[in-house]
Amino acid sequence: MPRNAVDYEEDFYLWTVEQARLLRSGELSAIDAANIAEEIESMGRSDRRELKSRLIVLLAHLLKWRYQPDAQSRSWSSTIREQRQQIDLVLEDSPSLRPAVAQMLDQTYGIARERAAEETGLAEAAFPGTCPFTPDEVLSREFLR
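First residue of the sequence shown? That's 4 in our numbering, and the numbers climb one at a time after it.
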């Protein structure tokens with residue numbers, strides 16, 4: 004077991020400081036490679052989770068905007084703009100996630116549809132069964148704002 008494995012469980016911050024020091028000094032044989040690898044993978048999963056979460060909120064608001072036009076508000080417009088801005092930031096940091104947006108739309112649309120139905124009081128059947136927006140439309144600051 005690497006000499007720092009216990010530190011990882013006992014004091015995460017101290018562990019990160021020590022691992023960074025070891026890496027910078029080239030003491031690779033002393034690093035806690037297994038936990039470092041786990042943390043790096045976790046960071047990638049975090050970006051994916053954030054992107055999916057923001058797509059759900061964005062899709063729900065795009066649905067509300069399109070299918071309940073009489074109730075459009077600045078709040079909805081602001082939420083659409085904010086989610087797009089935050090998605091842009093995630094994709095700026097992790098551009099390799101951009102091609103995954105189409106698949107994520109398919110994965111998240113059902114949740115967004117349920118949320119839009121709940122928030123509008125409309126039946127779920129009032130919204131399309133599959134995502135009516137392309138990835139480019141969803142991400143475009145000019146589309147439905």
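For each residue, glycine too, the CB sits at the ideal point set by N, CA and C. Predicted, not measured: the structure shown is a model, and the values here were computed from it.
- Following the DSSP letters along the chain, one finds residue 15 inside the alpha helix (DSSP H) bounded by residues 15-27.
- Around the Cβ of residue 43, a 10 Å sphere holds fewer than 16 other Cβ atoms; the residue is exposed.
- The continuous alpha helix (DSSP H) containing residue 53 extends over residues 36-70.
- Linking residue 78 to residue 84 through their CA atoms gives a straight-line distance of about 10 Å.
- Exclusion of the five residues before and after residue 38 leaves 11 as the residues of its chain whose Cβ lies within less than 6 Å of its Cβ.
- By the Cβ-count criterion, residue 86 is buried, with 16 or more other Cβ atoms from all chains shown falling within 10 Å of its own Cβ.
- Looking at 110, 40, 66, the one whose alpha-carbon comes closest to that of residue 128 is 66.
- Sequence-distant Cβ neighbours of residue 109 in its own chain, meaning closer than 7 Å and more than five residues away, are 134.
- Per the C-alpha coordinates, the member of 13, 55, 90, 71 positioned closest to residue 126 is 71.
- In this structure, residue 50 sits near residue 100, with a CB-CB distance shorter than 8 Å.
- DSSP places residue 85 in the uninterrupted alpha helix (DSSP H) bounded by 77-96.
- Annotation: residue 61 to residue 32 spans about 46 Å, alpha carbon to alpha carbon.
- Apart from sequence neighbours up to five positions away, the residues of its chain that approach residue 53 with a beta-carbon distance below 7 Å are 93, ordered along the chain.
- Here residue 120 is not near residue 136, since their CB atoms are 8 Å or more apart.
- Put simply, of 18, 144, 16 the residue whose alpha carbon is nearest the alpha carbon of residue 89 is 144.
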